[in-house]
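A short write-up of the structure that comes next.
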Amino acid sequence: MKITILNGSPKGDLSATLQYINYIHKKFPGLELSVHHVSQKIKSIEKKDQSFEKIVSDVRDSDAVWWSVPIYVCLIPSQYKRFIELIWEKGAEEAFRDKYTAVITTSIHFYDNTGNNYMHSICDDLNMKYVDFFSPDMYDLLVEEHRAKLLQFAENFFDAVKNKVPVSKSFSPVIQREFDYTPGKPDTKVDLGDRKLLVIADSITPDANLTMMIQRFMESYAGEVELAELSRINIIGGCLGCIECGFDNRCAYTGKDDFIDFYNAKVKTADILVYAGTIKDRYLSATWKLFFDRRFFNTHMPTQAGKQVACLISGPLSQIPNLREIISALTELDQANLCGIVTDEFGESKDIDALLQSLAGNLVRDADKEYIKPVTFRGVGGRKIFRDDIWGRLRFPFIADHEYYEKHGLYDFPNINPDEFKFGFDMIEAVKDPETREAVRKMIKTQMVAPHKKIVETK
Numbered sequence: 001m002k003i004t005i006l007n008g009s010p011k012g013d014l015s016a017t018l019q020y021i022n023y024i025h026k027k028f029p030g031l032e033l034s035v036h037h038v039s040q041k042i043k044s045i046e047k048k049d050q051s052f053e054k055i056v057s058d059v060r061d062s063d064a065v066w067w068s069v070p071i072y073v074c075l076i077p078s079q080y081k082r083f084i085e086l087i088w089e090k091g092a093e094e095a096f097r098d099k100y101t102a103v104i105t106t107s108i109h110f111y112d113n114t115g116n117n118y119m120h121s122i123c124d125d126l127n128m129k130y131v132d133f134f135s136p137d138m139y140d141l142l143v144e145e146h147r148a149k150l151l152q153f154a155e156n157f158f159d160a161v162k163n164k165v166p167v168s169k170s171f172s173p174v175i176q177r178e179f180d181y182t183p184g185k186p187d188t189k190v191d192l193g194d195r196k197l198l199v200i201a202d203s204i205t206p207d208a209n210l211t212m213m214i215q216r217f218m219e220s221y222a223g224e225v226e227l228a229e230l231s232r233i234n235i236i237g238g239c240l241g242c243i244e245c246g247f248d249n250r251c252a253y254t255g256k257d258d259f260i261d262f263y264n265a266k267v268k269t270a271d272i273l274v275y276a277g278t279i280k281d282r283y284l285s286a287t288w289k290l291f292f293d294r295r296f297f298n299t300h301m302p303t304q305a306g307k308q309v310a311c312l313i314s315g316p317l318s319q320i321p322n323l324r325e326i327i328s329a330l331t332e333l334d335q336a337n338l339c340g341i342v343t344d345e346f347g348e349s350k351d352i353d354a355l356l357q358s359l360a361g362n363l364v365r366d367a368d369k370e371y372i373k374p375v376t377f378r379g380v381g382g383r384k385i386f387r388d389d390i391w392g393r394l395r396f397p398f399i400a401d402h403e404y405y406e407k408h409g410l411y412d413f414p415n416i417n418p419d420e421f422k423f424g425f426d427m428i429e430a431v432k433d434p435e436t437r438e439a440v441r442k443m444i445k446t447q448m449v450a451p452h453k454k455i456v457e458t459k
C-alpha cells in the first residue's frame, strides 16, 4: 500500500508526531511511504513549482494520504496552514479527491479537538475519504497500551482502504456571500480618552470588505487608533517548535526579525486589541496563524490580561463554529475580555455600520470598567492542562513558565479550603448513619441555595 505522509512539523525528521508513523511502518514493513516535510520546507514549496508538484504527484499516485502534524495554539502550525492554502491556490484539489485519508496529531491534549476539527473539515473540503484521526499525547508512544491503540488505528485504516469502506462527510461546504460592503460616515465619535487601541490586520487590500470595515471602525473614534499590518512587519518564519524560549523566553528568532519587538512594544502595551482578518478555508490566513504561533516566545504565560479584545472578520464565521471556539478560547486563556465580533456575513451596509459603531463604544465602556467576563471551560480547562504539565513533566524545559506560575499563584492545587474540607469530612461521617442520611437528603436543595439567598438579601 502506497501512503503519502504530509509531515507538518517544522522539525522535519525530529518530529515527535512522525515517530508514530515510523512505529507503524516498523510493524507494517510492507507499507510504501513517501514522506514530505511540508512545514520544514514550506518556503521552497512556495517558491518552486517543482517542489510542490512532486508532493502533488505523490499524492496522486498513492492509495492513501496521512496528515501528520503537531497541534500549535489550537490548530496546526502556520507553515502547514500555508501548505493547505497552496493546494487551492495552485489548483491541486483534484489530486486529493477520493483519496482515503487519516489525521495523526500530537499535543498535550490542549485544544487538540479544534485542531482535529480543522483537519477533518479540510479533508471534507478536498472531497477526500476521511476515515479517522488519532490524537495521542506526545509521549504516549512510550506506553505499551497506547502503542497497541496506535496499531489498531492503523489496522482499521488499512482495512478501510482495502475494502473501499464508504465514508460520509461531517462538514458542509462553506458558502461565501456575494456582498460588497459600502461604509457610511459615523454620526458621532467615541472618545478613547487615554486608552491605547491597536488594530492588527494581516494585510490591507484596497476596496476589500475587510479594509472597509477597518476604516469604518477606526472612524468611529475621536482619538487616535493605530493600525498594524502584519504583512509589512519583518517576520522571517513561523514557530520552529524548538522550545528554546522555555528557559527564559528568549526566542530562536531574537535579533533576526522584528516580530518580538512589535509584540512587546505594540501588542503588550495596548489597552484594546482588535484583530481583523478574512476567512481563508476554515480559519483566517496563514499569516494570522503565524502571528499566534510566534507569540509563543511568551510560552504559556498570559500576555493580554485585562485587555479588551474584538474581531472584525470578513467571511462566513457562523458556518465555522470551530474558528469562533478558537477565538474565544485564546481570549479566555490570555485573561482578556472578548467584547465582540463583527462580520460582513449578515445584513446590509447600514447594519454593519451600526454593529461597528456599537462595538467601538462597548470596547471603551468595558475598558473603563475593567470588565472581564467569567471564564468558561475553555479558560479553566486549558489553564489546568498547562498548570499540571508545567508543575510536572514540563517544568524543565519550561523554567520561565514554572517561575511565573509560582509567582502568580497558578499552582492552585490541591484546591482545599480548610473549612470546606472539614465540613465535607464531617458530613461524610455523619451520613453513614441511615437516619441522618435521609434527613440530609431532603435538605440538600435548600441548603445548596441558602448562601446565594443570603447574598441576595443582604448585599
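The sequence shown begins at 1 in our numbering and counts up by one.
The C-beta atom is built at its ideal place from N, Cα and C for all residues, glycine as well.
Whole-angstrom distance between residue j and residue i, CA atom to CA atom
i, j, result
"residue 495", "residue 209", "No statement about residue 495 is possible, as the shown extent of the chain runs from 1 to 459 and does not include it."
"residue 334", "residue 389", "18 Å"
"residue 463", "residue 263", "Absent from the structure is residue 463, since the part of the chain shown begins at 1 and ends at 459."
"residue 281", "residue 85", "7 Å"
"residue 131", "residue 226", "47 Å"
"residue 52", "residue 46", "7 Å"
"residue 159", "residue 173", "28 Å"
"residue 274", "residue 267", "10 Å"
"residue 298", "residue 453", "43 Å"
"residue 196", "residue 384", "31 Å"
"residue 442", "residue 425", "19 Å"
"residue 422", "residue 456", "26 Å"
"residue 235", "residue 192", "30 Å"
"residue 166", "residue 63", "15 Å"
"residue 232", "residue 204", "10 Å"
"residue 102", "residue 67", "6 Å"
"residue 50", "residue 36", "13 Å"
"residue 19", "residue 228", "40 Å"
"residue 148", "residue 106", "16 Å"
Secondary structure of residue i, DSSP reduced to three states
i, result
"residue 340", "strand"
"residue 480", "Residue 480 cannot be examined here, being either before or after the span of the chain that is shown, 1 to 459."
"residue 167", "coil"
"residue 239", "coil"
"residue 251", "coil"
"residue 270", "coil"
"residue 7", "strand"
"residue 311", "strand"
"residue 390", "helix"
"residue 305", "coil"
"residue 434", "helix"
"residue 2", "strand"
"residue 317", "helix"
"residue 347", "coil"
"residue 194", "coil"
"residue 257", "coil"
Same chain, Cβ closer than 7 Å to residue i, five either side skipped, listed in chain order
i, result
"residue 117", "322"
"residue 183", "212, 215, 216, 349, 353"
"residue 31", "1, 3, 25"
"residue 38", "6, 7, 8, 45, 55, 80, 83"
"residue 60", "95"
"residue 186", "219, 220, 357"
"residue 146", "136, 140"
"residue 318", "345"
"residue 363", "272, 308, 310, 339"
Nearest-angstrom Cβ-Cβ length linking residue i and residue j, presumed shorter than 8 Å
i, j, result
"residue 241", "residue 374", "Residue 241 to residue 374, Cβ: 33 Å. No contact."
"residue 82", "residue 265", "Between residue 265 and residue 82 the Cβ distance is about 26 Å, and since that is not below 8 Å, they are no contact."
"residue 376", "residue 332", "7 Å"
"residue 180", "residue 239", "At roughly 36 Å, the Cβ-Cβ gap does not stay under 8 Å, so residue 180 and residue 239 are not in contact."
"residue 367", "residue 276", "The pair is not a contact, with the Cβ atoms about 18 Å apart (cut-off 8 Å)."
"residue 296", "residue 399", "The pair is not a contact, with the Cβ atoms about 15 Å apart (cut-off 8 Å)."
"residue 260", "residue 397", "Residue 260 to residue 397, Cβ: 19 Å. No contact."
"residue 465", "residue 10", "A question about residue 465 goes unanswered here, because the residues of the chain that appear run from 1 up to 459."
"residue 230", "residue 291", "6 Å"
Own chain, CB closer than 6 Å to residue i, minus 5 neighbours either side, in chain order
i, result
"residue 302", "334, 335"
"residue 289", "78, 81"
"residue 309", "273, 331, 336, 338"
"residue 386", "300"
"residue 270", "196, 198"
"residue 58", "4, 34"
"residue 153", "134"
"residue 372", "337"
Same chain only: Cβ atoms within 8 Å of residue i, ignoring 5 sequence neighbours per side
i, result
"residue 360", "190, 217, 220, 221"
"residue 378", "325, 328, 329, 332, 333"
Quiz prompt | Segment contact, 8 Å Cβ cut-off, at least three pairs: the region 322-329 with the region 338-354 | solution = Judged by Cβ distances under 8 Å, the region 322-329 makes contact with the region 338-354, as three or more pairs qualify.
Quiz item: Is the region 121-140 close to the region 40-47, with three or more CB pairs under 8 Å?
Solution: The region 121-140 vs the region 40-47: no contact.
Quiz prompt | Given 8 Å, three or more beta-carbon pairs between the region 81-99 and the region 133-149 | solution = Contact fails between the region 81-99 and the region 133-149, because fewer than three Cβ pairs, one in each stretch, are under 8 Å apart.
Exercise. Inspect the CB distances between the region 67-74 and the region 105-115 and report whether three or more fall short of 8 Å.
Key: Taking 8 Å as the limit for Cβ pairs, the verdict is that the region 105-115 does touch the region 67-74.
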